[in-house]
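Chains as they are written, first to last, in my numbering: chain A, 897 to 1157; chain B, 897 to 1157.
Note that the Cβ used here is the ideal one computed from N, Cα and C, for glycine as well.
These notes concern the structure reproduced below.
Protein chains: 2
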Amino acid sequence: MAQARRYAGGVDGNRSLERGIEILRAFRPGVDTLGNGEIAERTGLPRSTVSRLTRTLVNSGMLDEVRTERSYRLAASVISIGHAMRTGSPVLNTIGAMMRAESAKRRLNVGLATADRTMMVYLESIRYSPRAALRNVVAGQQVPMELTSLGRAYLAGIAEPERERLLKLFKRRSTAATKALLADVRRSISAVESDGFCAVSWQPAVLAVATPIVLEGLPVYALNMSLQNVDRSDALASEIGSYLNAFAAKCKEALAGREPE
Amino acid sequence: MAQARRYAGGVDGNRSLERGIEILRAFRPGVDTLGNGEIAERTGLPRSTVSRLTRTLVNSGMLDEVRTERSYRLAASVISIGHAMRTGSPVLNTIGAMMRAESAKRRLNVGLATADRTMMVYLESIRYSPRAALRNVVAGQQVPMELTSLGRAYLAGIAEPERERLLKLFKRRSTAATKALLADVRRSISAVESDGFCAVSWQPAVLAVATPIVLEGLPVYALNMSLQNVDRSDALASEIGSYLNAFAAKCKEALAGREPE
DNA sequence: CCCCTAATTCCACTGAGTGGAAATGCGAAG
DNA sequence: CTTCGCATTTCCACTCAGTGGAATTAGGGG
Chain A
897 MAQARRYAGG VDGNRSLERG IEILRAFRPG VDTLGNGEIA ERTGLPRSTV
947 SRLTRTLVNS GMLDEVRTER SYRLAASVIS IGHAMRTGSP VLNTIGAMMR
997 AESAKRRLNV GLATADRTMM VYLESIRYSP RAALRNVVAG QQVPMELTSL
1047 GRAYLAGIAE PERERLLKLF KRRSTAATKA LLADVRRSIS AVESDGFCAV
1097 SWQPAVLAVA TPIVLEGLPV YALNMSLQNV DRSDALASEI GSYLNAFAAK
1147 CKEALAGREP E
Chain B
897 MAQARRYAGG VDGNRSLERG IEILRAFRPG VDTLGNGEIA ERTGLPRSTV
947 SRLTRTLVNS GMLDEVRTER SYRLAASVIS IGHAMRTGSP VLNTIGAMMR
997 AESAKRRLNV GLATADRTMM VYLESIRYSP RAALRNVVAG QQVPMELTSL
1047 GRAYLAGIAE PERERLLKLF KRRSTAATKA LLADVRRSIS AVESDGFCAV
1097 SWQPAVLAVA TPIVLEGLPV YALNMSLQNV DRSDALASEI GSYLNAFAAK
1147 CKEALAGREP E
């Protein structure tokens, strides 16, 4: 009776685990609860399978069940694992404090991110604000790779084949202006290669510059500095860029010291 | 040849998914990389199984592989899921800003947490600091349930049978002073029932008071306020406690307004 | 109260997953 | 460069865990 479509993962890869992770991923930022039906829709999995997997995720503490509305939400466990990821990260451990100091010194925002598929994910984002009405740190927030300085610096830092693979994905998803966009992305990558950084303003009146951090045995990271409420100008971009280059050099030095550990 | 011990999960529950989650959990705060061997040791799973599951987790983006040292670390994906959890949380969305305002107004730390097994996990922790040398927000950080005001307030907020189940677990794990400790926990629970809050100083010179937040269709949360560099005094505790009660009432009002949504 | 919708459980089937053994890879020592 | 020793990965035959369509149950609205 079971007409399971043959699993493509082959000998490596565990189908149920993959599917369970897919279910967790179905909870995108902003969604609170999802019912099994919605999950089945979003993931394309059979409803009965979803029913069983969500139950397992509840038992494992990754989901909380909301009996009154027959639905689920991400449980606190996921942020404790996220916290473990951040405290484990040797890069964040080493340069987190430096980033804070630099933000205060230069009076601008400093961020550190790496890639999750086609998005950049902040590991840390320090917002400079003159008054202590500080923002909450947005660790975990995602921004699109192809539109941001962070993402383009990342692209400049990774190996050729992976870069081309990602560029193809952008082509597929952005509806309009693809050609101009891709050219712009490549221009940013060249800028990183020649100047060490690239500058982008994907949000109005925000100027951001970023540079890749490439270290053996670690994913490629991107470090950025940004400033709000300014007009984009090449002079300003290169000023911030020079700060960024200097700071990135200091970071790499610090990281080189503690890496072999 | 395969002599798999019969899976206890029965018809509900997916063994592979459970095991995969166990592997993610093996990365506790502070650990950077783990090899398959270490993971097998920590989880008690067969080495070959671990090998296959870690590969799946890499393919699913939850782990990064460090080829040079044949090991794995948590990938950025886990913090984006964590971020989704935080931005989805209706409680945090509603009272996050209020917490920040309250922290500034009362000049003390304000935190919001819920339970992950026997630990309390901060969803938000706003540290008051007179100078803007603010700390990074420690969302995701865990503190032991039985030793903290947060945890005891949580215990006071949950249903009887679940509470007794947890108390038994504490008995099992704490080596010394169990009896005195449990009595102390029960005293805190009584305090919550009579005064609305409990006060605990589990860290030297830090006074913390907490109160539960119980809402239909949501996990039980605990809200706390704390102050550093003070001596524990009942007068101070009840002063902060009254602030906390007032603030919690305001929070519950705000939450009642937006819950039915 | 009864229908309608959606989630859950049932069930027979089978291939996905298993774990011990063998092979492979990697680093260190000679 | 070769050999040894350890750890990880691959192989493989076996079988039970997992599957998904159908039946059932549970809610919620009229």
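DSSP, reduced to helix, strand and coil, places residue 1114/A outside both helices and strands of the structure shown, so it counts as coil. Between residue 1145/A and residue 1119/A, the C-beta spacing is not below 8 Å. Straight across, the Cα-Cα distance linking residue 1056/B with residue 1000/B is about 36 Å. Residue pairing from DSSP places residue 1010/A in a beta bridge opposite 1017/A, 1117/A. Contact check for residue 962/A against residue 919/A fails: the beta carbons are separated by 8 Å or more. For residue 973/A, the chain B residues whose Cβ falls inside 7 Å of its Cβ are 1012, in order along the chain.
Classified as exposed, residue 942/A has fewer than 16 neighbouring CB atoms from the shown chains inside 10 Å of its CB. Straight through space, the alpha carbons of residue 1082/A and residue 955/A are spaced by roughly 47 Å.
Linking residue 1080/A to residue 1045/A through their CA atoms gives a straight-line distance of about 11 Å.
DSSP places residue 975/B in the uninterrupted alpha helix (DSSP H) bounded by 973–984. For residue 1066/A, the nearest beta carbon of chain B is not closer than 8 Å to its own beta carbon. DSSP lists 1006/A as the beta-bridge partner residues of residue 1022/A. DSSP places residue 1034/A in no beta strand (DSSP E); its state is neither H nor E. At least 8 Å separates the CB of residue 1056/A from every CB of chain B. When 1066/B, 1091/B, 948/B are compared, the shortest CA-CA separation from residue 1108/B is found for 1091/B. Chain order gives the chain B residues near residue 926/A as 983, 984, where near means a beta carbon separation below 7 Å.
Runs of the alpha helix (DSSP H) lying entirely within the segment 1040–1122 of chain A, each at least 4 residues long, are 1045–1053, 1056–1069, 1074–1091 in chain order. In the displayed model, residue 956/A falls within coil according to three-state DSSP, outside both helix and strand. Residues of the segment 906–917 of chain B with a C-beta less than 7 Å from any C-beta of chain A: 908, 909, 910, 912, 913, 914, 916, 917, listed in chain order. In the DSSP assignment, residue 913/A falls outside any beta strand (DSSP E) and lies within the alpha helix (DSSP H) extending over 911–921. By the neighbour-count definition (other C-beta atoms within 10 Å, threshold 16), residue 1100/B is an exposed residue.
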